[in-house]
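Visitor:
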Amino acid sequence: MNQFKSIFIAIAMTGVSFSAAAIAQDNNATLTLNFTGIAEQQGSVMGVLVDSEDAYNDKAAPVRMIMIKADKAEIATQLAGLKPGRYAIKSFHDIDGDGAMGTNPYGMPIEPFAFSNNAVGNMGPAKWVDASFEIKAGDNSHSIEIK
Amino acid sequence: MTNLDRRQFLGSSLIVGAAVITPDMALAGATPPGWALGVADVEADIPRETLTLIQGKVPAELSTTLFRNGPAKFRRGNSASGHWFDGDGLVRRWKVQDGKATLAARFVDTPKRRLETKLNAIVQPGFGSPRRDGAVINGPDDTNAANTSVLVNGGQLYALWEGGSATMLDAATLETQGPKTFRRDLKQMPFSAHPRVDSDGTVWNFGGNGESTFIWKLNPNGSLAKAEMIALDRKSYFHDFTATARHLIFVLQPWVQEEFKFPLSTGMVWKPEMGTQVLVVDKDDFSKRRVFELPAFSFFHLADGWEEKDGTIRFDGCLEANPTFGQKSASALIRGEHIKAPTPMLTQIVLHSNGKAEMKATRIAAEFPSSDRRVAGRARRFTTHVTGYRSTPFPHAIAVWDWQKGRDYKHDFGSNQLVEEFLFVANGAAENDGWLIGTTLNLKSQKTELHLLNAAKLSDGPVATWQASLPLPLGFHGTVA
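Keeping their order, the protein sequence lines are chains A and B.
Each residue of the first sequence is one higher than the one before, starting from 86 at the first, in the working numbering.
Each residue of the second sequence is one higher than the one before, starting from 666 at the first, in the working numbering.
(1) Under the three-state reduction of DSSP, which class applies to B:W759: helix, strand or coil?
(2) Classify A:Y191 as helix, strand or coil using the three-state DSSP reduction.
(3) Checking contacts by CB at 8 Å: is B:N803 closer than that to chain A?
(4) Determine the direct distance from the alpha carbon of B:L839 to that of B:F732, and round the result to whole angstroms.
(5) Could you give the residue range of the alpha helix (DSSP H) that holds B:R779?
(6) Assess, as a yes-or-no matter, whether the region 1115-1126 of chain B is touched by the region 1067-1079 of chain B under the definition of 3 or more beta carbon pairs within less than 8 Å.
(7) How many Å lie between B:T715 and B:A766 at the Cα?
(8) Please confirm whether B:G703 and B:P1138 have their CB atoms less than 8 Å apart.
(9) Relative to the C-alpha of B:P919, which residue among B:E1096, B:L768, B:P988 is closest?
(10) Give me, in chain order, the residues of the same chain whose beta-carbon lies closer than 6 Å to that of B:H966; leave out the 5 immediate sequence neighbours on both sides.
(11) Closer than 8 Å, Cβ to any Cβ of chain A: which residues of the region 851-862 of chain B, in chain order?
(12) Can you grab the Cα-Cα spacing for the pair B:S1134 / B:R713, in whole Å?
(13) Assuming A:A216 is part of the alpha helix (DSSP H), what are its boundary residues?
(14) Measure from the C-beta of A:A202 to each C-beta in chain B and report whether the shortest distance is under 8 Å.
(15) To the nearest angstrom, how far is the alpha carbon of B:K953 from that of B:P960?
(16) What number of angstroms, rounded off, separates the C-alpha of B:D969 from the C-alpha of B:A1041?
(17) Quick one: is A:P190 near chain B, going by C-beta distance under 8 Å?
(18) A:P190 and B:M854 look like a contact to me (Cβ under 8 Å); what is the Cβ gap, rounded to whole Å?
(19) Give me the Cα-Cα distance between A:R149 and B:T878, rounded to the nearest whole angstrom.
(20) In this structure, how does DSSP classify B:V707 when only helix, strand and coil are distinguished?
(21) So, does the CB of A:V205 fall closer than 8 Å to a CB anywhere in chain B?
(22) Which of the three DSSP states is assigned to B:K953 in this structure?
(23) Please report the distance separating the alpha-carbon of B:T846 from that of B:D950.
(24) At the level of alpha carbons, what is the spacing between B:D751 and B:V707?
(25) For chain A, check one thing: does any of its Cβ atoms lie closer than 8 Å to the Cβ of B:A836?
(26) Measure from the C-beta of A:G187 to each C-beta in chain B and report whether the shortest distance is under 8 Å.
(27) Does A:M193 get closer than 8 Å to chain B when you measure Cβ to Cβ?
(28) What in chain B is Cβ-close to A:M131, meaning under 7 Å?
(29) Across which residues does DSSP place B:L716 in a beta bridge pair?
(30) Measure the C-alpha to C-alpha separation of B:I978 and B:E938 and round it to an integer number of angstroms.
(31) Could you pull the start and end residues of the alpha helix (DSSP H) that A:Y141 belongs to?
(32) Report yes if the CB atom of B:G991 is closer than 8 Å to the CB atom of B:S901, and no otherwise.
(33) Helix, strand or coil for B:Q992? Go by DSSP, reduced to three states.
(34) Go through the region 1101-1137 of chain B residue by residue and report every complete run of the beta strand (DSSP E) that reaches 3 residues or more, in order.
(35) Report all residues from its chain with a CB closer than 7 Å to the CB of B:A821; omit the five preceding and five following residues, and keep chain order.
(36) With DSSP as the reference, label B:F879 as helix, strand or coil.
What follows is the structure, encoded as structure tokens:
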């Protein structure tokens, strides 16, 4: 059971170390990000957009932090000024609004979580290789089912 | 694939051919042996059927429902479960009313069963099963086999397993309603398969073992009364616990969890030099605890306990010299092999108020202990148990041990019958004044039978016996409602 402990807490922790990344002028990509399947319409969906495997594994800062009010079954946000490249998203639904991924007394996550590409983990978060996707210059969209 | 996984995987796939049982093979007495029908696969849910009364007379006033659970699907494609404890739970409802008996059975619709059906392979890890390619594990309930017992509390029927949530079932249709979350922050907390139910319907249970265990208290109406973690002094594995009116009792056998790995049982080591400890916790204040020391023994099942005026606590259990059954024999069963293990023996454990503990042997082989629920937590005279272990790995008789007279009253169903847990149904005011209801698997007729016996006249044999239209693999535990 301990294996499950704290694996997912890192998602919430990452927000703490986040510092606003400067938006360079030549960054011309925009991502419309949708979250679907929100069962309990309260709190917010929180997440991070990362642009490297290191950042995905919490060894570098994320590019953006995401926080969207979870008041509908489907919610969206737009992230502008991104540099084209490979990205991934780690997210969870902060239902109780405490800013952290809730866990049960044995450390198991109890709030819905999801990764880009709807990648599924196995006794831990999904891997960068499964969760990463390409953001091209111009308009992009990506949809994640959070459950 | 690690060496361990590889060995487990090869071991399992080699036997699959031999382990699929057809009635023809079993009738011919060929390999696998006839008893392997007890661990055969059921392919589909069983619609409600009226049973055939094959012997005796049904008491007109009897109206009872026996819910039972047990693993009933072990093999898919070229793969098999690595352990008897890891098959998919099939919940059976045996109902006796208006002189007639019916059976309906339905598999619990778990994430494990859905995934393995889709892959046509056994991939999810368990007590004795490895994690194989295709496994998806993002929480305890992904591996929940929902196969060990059932509970009715506050009108809700649950299928129980020991490592994950209780699963809600519709008592009328046996349809799966999903995992029960008693409180938002307790999602996926283990709710073991051996709750203790006070005579007023209050349910006590534990969840998980290792450095700590989680204690559950449910009100008779089904709501959550208390939920709290308590620390344990050693990382014992335990499948069952017991309770008196005032205390919860954890028997910490020296079968300890050295590491977390799959199959779970391979991370557990038998260390008899540690002896067995008994932890007694006050129901009203979990910080009030006492520890008693006993020589090493292993066990799966305990019976209800009680305390006497001078503070002496007594309870009984089916104790084994070591955990060979859980470690090896129960895995071998799925392969159609019988590995001899120490016989479980009915034993009373006495915890004296001076801190000393002792064991009182009965010299009776026993498993699946049960008793009159009306006296739960209070002094009691009788323990019902299966017995009659002979050449097969399974018991052939049902018995009631009388602690006052020190003797066993028994009905032996014979070598062709494999006997499952029997439970007490009251029919009078005194303890054990009523019926024992339970099932057997008849290897000769290849049918499962439902039996009703007079608890006080066990040696007379069944008052009534009904036959189902088909054989069901042996189940574990049930409840009467």
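Note that beta-carbon positions come from the ideal geometry of N, C-alpha and C, so glycine has one too.
Since this is a predicted model, take the numbers as computed values, not measurements.
Guide: Let me lay it out:
(1) strand
(2) coil
(3) yes
(4) C-alpha separation (whole angstroms): 10 Å.
(5) 776-784
(6) yes
(7) Their backbone Cα atoms lie some 6 Å apart in a straight line.
(8) yes
(9) Per the C-alpha coordinates, the member of B:E1096, B:L768, B:P988 positioned closest to B:P919 is B:P988.
(10) D905, C983, P1034
(11) For the region 851-862 of chain B, the residues whose beta carbon sits under 8 Å from a beta carbon of chain A are, in order, L851, K852, Q853, M854, P855.
(12) 11 Å
(13) Counting along the chain, the alpha helix (DSSP H) containing A:A216 begins and ends at 213-216.
(14) One point to set straight first is that residue 202 of chain A is Asn, not Ala, in the sequence displayed. No, no contact with chain B.
(15) 24 Å
(16) 6 Å
(17) yes
(18) 7 Å
(19) The straight-line gap from Cα to Cα measures roughly 40 Å.
(20) coil
(21) yes
(22) Note: B:K953 maps to strand in three-state DSSP.
(23) 24 Å
(24) So the two alpha carbons sit approximately 14 Å from each other.
(25) Not one chain A Cβ lies under 8 Å of B:A836.
(26) yes
(27) yes
(28) Going along chain B, no residue has its Cβ under 7 Å from A:M131, so there is no contact; the nearest lies around 18 Å.
(29) Answer is none; B:L716 lacks a bridge partner.
(30) Roughly 25 Å separates the two Cα atoms.
(31) Residues 138-141.
(32) no
(33) Here DSSP, grouped into helix, strand and coil, assigns B:Q992 to helix.
(34) Complete beta strand (DSSP E) runs here, min 3: 1112-1119, 1129-1132.
(35) A small fix is needed here, since residue 821 of chain B is Gln in this sequence, not Ala. Here the set comprises M833, G887.
(36) strand
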